[in-house]
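Undergrad:
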Amino acid sequence: MPIYESHAIILKSFKLNEADRIVTFFTSRYGKIKAIAKGAIKPKGRYLGRLELFVHCNMIAFGKERMNLLRLNSCDIVNSFLPIRESFDALSHAFVAVELVNTVQKECDENREAYQLLLDALIAISAETDRNKLETLLRIFELKYISCMGYKPNLHSCVSCTGGLETGRLGFNAERGGVVCNSCNKSDPVSFLVSPGTVRLMERALSTPMDKASKLVAGGKVLSDLRKCVNKLIEMHVQYSMRSEFMLDLAKA
Amino acid sequence: MKGPKFLIELIGLFQKFPGVGQKTAERLAFHVLKSPSNEAILLAKALVAVKEKMALCSICNSITESNPCLICGDSNRDKQIVCVVEEPHDVHCIERAGEYNGVYHVLMGVLEPLDGVGPNELKIDQLVDRVKSDGIKEIILATNPNLEGEATAMYVFKVLQPLGVLVTRIARGLPMGGDLEYADEMTVSKALGGRMKM
Chain B
4 MPIYESHAII
14 LKSFKLNEAD
24 RIVTFFTSRY
34 GKIKAIAKGA
44 IKPKGRYLGR
54 LELFVHCNMI
64 AFGKERMNLL
74 RLNSCDIVNS
84 FLPIRESFDA
94 LSHAFVAVEL
104 VNTVQKECDE
114 NREAYQLLLD
124 ALIAISAETD
134 RNKLETLLRI
144 FELKYISCMG
154 YKPNLHSCVS
164 CTGGLETGRL
174 GFNAERGGVV
184 CNSCNKSDPV
194 SFLVSPGTVR
204 LMERALSTPM
214 DKASKLVAGG
224 KVLSDLRKCV
234 NKLIEMHVQY
244 SMRSEFMLDL
254 AKA
Chain Y
47 MKGPKFLIEL
57 IGLFQKFPGV
67 GQKTAERLAF
77 HVLKSPSNEA
87 ILLAKALVAV
97 KEKMALCSIC
107 NSITESNPCL
117 ICGDSNRDKQ
127 IVCVVEEPHD
137 VHCIERAGEY
147 NGVYHVLMGV
157 LEPLDGVGPN
167 ELKIDQLVDR
177 VKSDGIKEII
187 LATNPNLEGE
197 ATAMYVFKVL
207 QPLGVLVTRI
217 ARGLPMGGDL
227 EYADEMTVSK
237 ALGGRMKM
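Protein chains in written order, with my numbering: chain B, 4 to 256; chain Y, 47 to 244.
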């Protein structure tokens, strides 16, 4: 019976019955896997407090190969991201990041780059308190994550006419997967206007490691354009509208 | 499953209860079968009464057979202190301790962002109305100390803060009879943060 031992981030955790939980781990070695944690809900159980969302842990599980549900044997916390749990703003942004990964990531599909990206994003979110910066970090994470999953937008040439991008008004077409030039934008009913600053920020975001992303700054217009571009890309490629987005509105209210 | 029709039906119905598998359902059904008729009739009557006569209290949303509930209608209770809980059965958990003399407000759930459960699905607006109209001095947030419970507590605090009411959170830390060795870092950190003078 194979043993699965890996560092992991908890993406989802829900009650199965009166005593047990089913936990979704995003592991560095095996990708997304699910495991049943026996006795996780008991008030003095060994898993109590360890199987919460966002927890970065070292987990051991076992089960037969090709089994969808493993059995959790141990889970030791590496980082519980306490600052995220103590701030509603940080918590709201972390929920959206984790939901995206849980939705897009296929089970047992190893992706160390995506794992590291999520870990770096949670570290960055837990270190940030400014709401604008938190949202910038979240959007940069989303952009980098969907790029890492193979949906990288084309930001260097017009996705409609393949010509160069002159300065001035630019458009963004998620269906075609990138930026459109001014002349194509006028005749394209799907694209919407984006500022050149947004395109520059997206370029810089894609070339900057996630752990350095907190240095990137986005103003109000650039941030709202970035939010629109990333949301359209997610809707287009993932065909899923994020359920936890309402948390961002609650944080702003 | 083969067997007498009514017995199979009863086993099937018991199996719908949370935490009851087929074996337990069979044991329960055979227990009912063996027990005296009057006990089975009492059980049936209690089941019907629970569904027909129990309702939610219009003030606090806890389960009651009279409106307002016995706690909201009790003049000896301190109506200026409201303990906010997730579900109606949490009221019974706190009442069992016998330490609390205030009243309750049941939210009927918690924020569950990954399942799309937002504040509109909870009784938060009703709590805000109570704070505005009932002269409440203190709100005790007693949602579960898990991520969803914490998120809900933080959100309720955010909503109530401008109203000037004192908002407190139940203590978090080590359980009685627990063991430091098995406590996770978060629990130990909360236990140390909430330490009290002896």
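No residue lacks a Cβ here, since even glycine has one placed at the ideal position from N, Cα and C.
Name, please, each residue of chain B whose Cβ falls closer than 9 Å to the Cβ of Y/M232.
TA: Within chain B, the residues near Y/M232 are G52, R53, E55, V58, I80, S83, L85 and R88.
Undergrad: When you check each C-beta in the region 62-77 of chain B against every C-beta of chain Y, which residues fall closer than 9 Å?
TA: Listed by position along the chain: nothing, the set is empty.
Undergrad: Which residues, taken in chain order from the region 233-253 of chain B, show a beta carbon closer than 7 Å to some beta carbon of chain Y?
TA: Listed by position, the residues of the region 233-253 of chain B near chain Y (Cβ gap below 7 Å) are R246, S247, F249, M250 and L253.
Undergrad: Check whether the region 108-115 of chain B and the region 19-38 of chain B touch, using three or more Cβ-Cβ pairs below 8 Å as the test.
TA: The region 108-115 of chain B, when compared against the region 19-38 of chain B, does touch it at the 8 Å Cβ threshold.
Undergrad: Note down, in chain order, every chain C residue with its Cβ under 8 Å from the Cβ of Y/P50.
TA: Absent here is chain C; the protein component of the structure consists of chains B and Y.
Undergrad: Just to confirm the assignment: which complete alpha helix (DSSP H) runs, minimum length 4, are found wholly within the region 62-100 of chain Y?
TA: Those alpha helix (DSSP H) runs which fall completely within the region 62-100 of chain Y and span 4+ residues are 68-80 and 83-99.
Undergrad: Using the rule of at least 16 other Cβ atoms within 10 Å of the residue's Cβ for burial, across every protein chain shown, is B/C164 buried or exposed?
TA: It is exposed - the Cβ of B/C164 has fewer than 16 other Cβ atoms within 10 Å.
Undergrad: Under 7 Å Cβ-Cβ, which residues of chain B neighbour Y/K204?
TA: Going along chain B in sequence order, the residues near Y/K204 (Cβ under 7 Å) are F91.
Undergrad: Please list the residues of the region 95-110 of chain B that have a C-beta atom closer than 9 Å to any C-beta atom in chain Y, keeping them in chain order.
TA: Listed by position along the chain: S95, F98, V99, V101, E102 and N105.
Undergrad: Which same chain residues end up closer than 8 Å to B/N185 when comparing Cβ atoms and leaving out the 5 residues on each side of it in sequence?
TA: So the qualifying residues of the chain are E169, G171, R172, L173 and G174.
Undergrad: Take the Cβ of Y/H135 as the centre, count every other Cβ of all protein chains shown within 10 Å, and call the residue buried at 16 or more, exposed below.
TA: Per the 10 Å Cβ criterion, exposed.
Undergrad: When the Cα atoms are used, what is the spatial distance from B/Y148 to Y/N113?
TA: Looking at the two C-alpha atoms, the distance is approximately 53 Å.
Undergrad: Taking B/K47 as the query, report the chain Y residues whose CB atoms sit under 8 Å from its CB, ordered along the chain.
TA: By Cβ distance, chain Y contributes P221, G223, G224, D225 and Y228.
Undergrad: Can you list, in chain order, the residues of its chain whose CB lies under 8 Å from that of B/F65, leaving out five sequence neighbours each side?
TA: Only M4, P5, I6, Y7, L73, R74 and N76 meet the Cβ criterion.
Undergrad: Using a beta-carbon distance cut-off of less than 9 Å, what residues from the region 20-31 of chain B approach chain Y?
TA: Listed by position along the chain: N20, E21 and A22.
Undergrad: Shortest alpha-carbon distance to B/L103 belongs to which of B/L146, B/A38 and B/L196?
TA: Among B/L146, B/A38 and B/L196, the Cα nearest to that of B/L103 belongs to B/L146.
Undergrad: Considering only DSSP beta bridges, list what B/A40 is partnered with.
TA: In DSSP, B/A40 forms a bridge with B/R24.
Undergrad: Would you verify that the beta carbon of B/K37 is, or is not, closer than 8 Å to some beta carbon of chain Y?
TA: No, B/K37 lies away from the interface with chain Y (no Cβ there is under 8 Å from its Cβ).
Undergrad: For the pair the region 89-102 of chain B and the region 128-135 of chain B, tell me if three or more CB-CB distances fall below 8 Å.
TA: Yes, they touch.
Undergrad: Find the residues of chain Y that neighbour B/K15, judging by a C-beta separation of less than 8 Å, and give them in chain order.
TA: Near B/K15 (Cβ distances below 8 Å), the residues of chain Y are L160.
Undergrad: Closest by CA to Y/G155, which one among Y/G67, Y/T233, Y/G210 and Y/P165?
TA: Residue Y/P165 is the option with its Cα nearest to Y/G155.
Undergrad: Between B/Y118, B/L137 and B/A38, which has its C-alpha nearest B/L219's C-alpha?
TA: Looking at the Cα atoms, B/L137 is the closest of the given residues.
Undergrad: Does the separation of the CB atoms of B/I44 and B/I25 fall below 8 Å?
TA: Going by C-beta atoms, B/I44 is not nearer than 8 Å to B/I25.
Undergrad: Can you find a C-beta in chain B that's less than 8 Å from the C-beta of Y/G37?
TA: Because chain Y in this structure spans residues 47 to 244, residue 37 of chain Y falls outside the shown range and cannot be described.
Undergrad: What residue does the beta strand (DSSP E) around B/H159 start on, and which one ends it?
TA: Premise fails: B/H159 is in no beta strand (DSSP E) and is neither H nor E.
Undergrad: What would DSSP say about B/I6, mapped onto helix, strand or coil?
TA: Strand.
Undergrad: On a Cα-Cα basis, can you pick out the residue from Y/L212, Y/V131 and Y/I117 that is closest to Y/E184?
TA: Ranking the options by Cα distance to Y/E184, first place goes to Y/L212.
Undergrad: What is the C-beta distance between Y/L206 and Y/V163, in whole angstroms, given that I count them as a contact (C-beta under 8 Å)?
TA: Between Y/V163 and Y/L206 the Cβ distance is about 20 Å, and since that is not below 8 Å, they are no contact.
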